[in-house]
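Numbering (the numbering used here), first residue to last: 3 to 220.
Note sheet for the following structure.
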C-alpha cells in the first residue's frame with residue numbers, strides 16, 4: 003500500500019477536523035445548558051428586556067390546580083446567566099399568571115453586572131401559546147417587559163405522525179382507497195398495476211412476432 007505524503011494526509015484530515023470544530027462550537031460557552039422539563043411541566047421561552055434588553059428567558063412551569071412552581075433561566079451574552087426557582091398562580095381561569103422568584107440556584111453575572119431575583123412577574127395570555135407582561139426587581143432596580151412562548155407542546159406533533167411501517171391509519175373507507183390508489187396490497191390481490199404489466203408483455207410479444215414474420219417473408 004503506497005504511503006501518503008504529509009500534504010495529502012493533511013488534505014484528507016482537514017474536512018474531519020473542520021466538522022469536529024463546528025460540532026464543538028454549536029453551543030456558546032457563555033450560554034447555560036438548556037432546561038429539560040419533567041413530563042408534567044411545560045417549557046416556555048422568550049425575551050425579557052429591562053436593564054439588559056438582550057436577555058433571554060426560559061421558564062419551566064409546573065402546574066398543580068391554579069398553583070405553579072418551576073425554574074427560571076436568565077441568559078444573556080451581555081449580563082451573564084442565572085438559574086432560579088419561582089412560585090405563583092394562574093388567575094382568571096388561566097388568562098393571567100403571577101410569579102415571584104424564591105431562590106437562586108446558580109448565578110454567573112458578567113463583569114460589571116449584578117443579577118438578582120425578581121420580586122414580581124405579571125403576565126397576561128395573548129394566545130393559547132403566548133404570554134406577555136412585566137417584571138420588577140427591587141434589588142437590581144430593574145423593571146421591564148417579558149414575552150414568552152410555550153414550546154413543550156411541539157414533541158406531541160411528532161408522536162402523531164404516521165408510522166413508517168405498513169400498518170397506517172386510513173382517513174377514508176379502505177375499499178375505495180385500494181381502488182383509487184397505488185398503496186401496497188397483499189400478494190393475493192390483483193390491482194391495476196398487474197393488468198398494466200400483463201398488457202405491456204402481450205404487446206411486446208406481438209411486436210416481436212410481427213417483426214420476425216416480416217424478416218422471414220423477404
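Idealized CB from N, CA, C, for every residue including glycine.
Since this is a predicted model, take the numbers as computed values, not measurements.
The beta strand (DSSP E) enclosing residue i, as first and last residue numbers
i, result
"residue 98", "98-111"
"residue 67", "Here residue 67 belongs to no beta strand (DSSP E), and DSSP marks it neither H nor E."
"residue 146", "144-152"
"residue 43", "43-51"
"residue 221", "Not covered by the structure: residue 221. The range shown for the chain is 3 to 220."
"residue 93", "82-93"
Which residues DSSP lists as bridging residue i, in chain order
i, result
"residue 37", "In the DSSP output, where bridge partners are listed per residue, residue 37 has none listed."
"residue 128", "Paired residues: none, contrary to the question."
"residue 119", "Answer is none; residue 119 lacks a bridge partner."
"residue 140", "None, per the DSSP bridge assignment."
"residue 79", "Paired residue(s): none; residue 79 is not in a bridge."
C-beta contact flag for residue i and residue j at 7 Å
i, j, result
"residue 92", "residue 68", "yes"
"residue 138", "residue 110", "no"
"residue 149", "residue 48", "yes"
"residue 153", "residue 45", "yes"
"residue 119", "residue 103", "yes"
"residue 151", "residue 131", "yes"
"residue 70", "residue 90", "yes"
"residue 81", "residue 105", "no"
"residue 72", "residue 144", "no"
"residue 62", "residue 101", "no"
Cβ neighbour criterion (16 or more within 10 Å) applied to residue i
i, result
"residue 96", "exposed"
"residue 107", "exposed"
"residue 66", "exposed"
"residue 114", "exposed"
"residue 94", "exposed"
"residue 57", "buried"
"residue 59", "buried"
"residue 86", "buried"
Closer than 6 Å: residue i CB and nearest the ligand SAH heavy atom
i, result
"residue 110", "This structure lacks the ligand SAH, and indeed carries no ligand of any kind."
Checklist entry - Does the region 29-37 come close enough to the region 77-90 to have 3 or more Cβ pairs within less than 8 Å? => result yes
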